[in-house]
Amino acid sequence: RCPRIFDVGLEKISKPVALWLKGLGMDHSQVKRAILACPSLITRTLEGSLKPKLHWLKELGMDDSQVAKTRTKYPQLMGLYSLEENLKPKVQWLKELGM
Numbered sequence: 010r011c012p013r014i015f016d017v018g019l020e021k022i023s024k025p026v027a028l029w030l031k032g033l034g035m036d037h038s039q040v041k042r043a044i045l046a047c048p049s050l051i052t053r054t055l056e057g058s059l060k061p062k063l064h065w066l067k068e069l070g071m072d073d074s075q076v077a078k079t080r081t082k083y084p085q086l087m088g089l090y091s092l093e094e095n096l097k098p099k100v101q102w103l104k105e106l107g108m
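Counting from 10, one number per residue, gives the positions in the sequence shown under this note's numbering.
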């Protein structure tokens, strides 16, 4: 499903991502489910991809519990979608529609 995971460094990217998710309050089984649902999650960098998305969700007005629920239920948001090219334009479009 995600052969790119074999190209990333285990020590530099994959392990830090898993540890970061645990540090955000996800338990081992939640981290495992998130990675199984979206293997590309562990190919993302913390500073360049994951932390900015988390910050953006908070800027949208989500509190910590809503961000945690979103992270756990929809790991694809963190792993698959580009913030600038996908998520922000879609949310802006929804806002323009009055949603």
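Yeah, the Cβ is synthetic: ideal placement off N, Cα and C, and Gly gets one too.
By how many angstroms is the C-alpha of residue 58 removed from the C-alpha of residue 8? As shown, the chain starts at 10 and ends at 108. That puts residue 8 outside it, with no answer to give.
With DSSP run on the structure shown, which of helix, strand or coil describes residue 80? helix
Same chain, Cβ closer than 6 Å to residue 81, neighbours up to 5 away in sequence not counted: 39
Quick one: grab the DSSP three-state call for residue 73. helix
Anticipated Cβ contact below 8 Å, residue 26 with residue 51, distance rounded: 5 Å
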